[in-house]
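Enquirer:
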Amino acid sequence: MDFEKQRLVIEQRDARLKAIQIAVNSFNVPSDGWINTIRKSLNMSLKQLAKRLKISPQSVKKLELHEKDGTISIGKITEVAEALGCRFVYGFIPAEGSLEKTIEKRAEELAKEIVLRTSHIT
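Once you know that position 81 of the sequence shown is 974 in this note's numbering, the rest is easy, because the numbers rise by one and skip nothing.
Below, the structure written as structure tokens:
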């Protein structure tokens, strides 16, 4: 892919990511996790969700705990979301604010490494 085309693709992706970043910055993950929060908001018991998932209520409780401690799988949380009548979404948001800034930062790091290596040679 030529440079101009690649730059255009990065700009388009950055525009999409910026919209997502605005949405992400406007909320926090509930302290009890999404599964527990949505289940309770729907006034659904552990037993009712368990029936939808064809598992035991104890297993639902474990899923809630796994979500809370970050060990639930994407496949499982997607399945639970569907059982709750929701859609699970995930994504990556560049820490630097945009892909372009991330690329620039990495280029600067590489340039510094090259300068340091060449300064040791002389």
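Ideal placement from N, C-alpha and C gives every residue a C-beta, glycine not left out. The structure displayed is predicted, hence computed values, not measured ones.
1. Nearest-angstrom Cα distance between Ala-912 and Val-982?
2. Can you give me the Cβ contacts of Ala-974 inside the same chain, cut-off strictly under 7 Å, excluding the 5 residues immediately before and after it?
3. Just how far apart, CA to CA, sit Gln-905 and Ser-952?
4. For the alpha helix (DSSP H) holding Phe-896, just list the boundary residues, first then last.
5. Under a three-way DSSP split, which group does Gly-990 fall into?
6. What does a CB cutoff of less than 7 Å around Lys-954 pick up in its chain, not counting 5 residues either side in sequence?
7. For the alpha helix (DSSP H) containing Asn-929, name the first residue and the last one.
8. How would you write the range of the alpha helix (DSSP H) that Val-973 sits in, first residue to last?
9. Look up Arg-980 in the DSSP assignment and say whether it is helix, strand or coil.
Expert: If we stick to the structure as given:
1. One C-alpha to the other measures close to 14 Å.
2. Once the five neighbours on either side are set aside, the close Cβ partners of Ala-974 are Arg-980, Phe-981.
3. Rounded to whole angstroms, the gap between the alpha carbons of Gln-905 and Ser-952 is 42 Å.
4. Phe-896 -> alpha helix (DSSP H) spans 896 to 918.
5. In this structure, Gly-990 counts as coil in the three-state DSSP scheme.
6. For Lys-954, where only same-chain residues beyond five positions count, the Cβ hits under 7 Å are Leu-939.
7. Following the DSSP letters along the chain, one finds Asn-929 inside the alpha helix (DSSP H) bounded by residues 927 to 934.
8. Boundaries of the alpha helix (DSSP H) harbouring Val-973: 967 to 976, taken from the DSSP string.
9. Under the three-state reduction of DSSP output, Arg-980 falls in the coil class, being neither helix nor strand.
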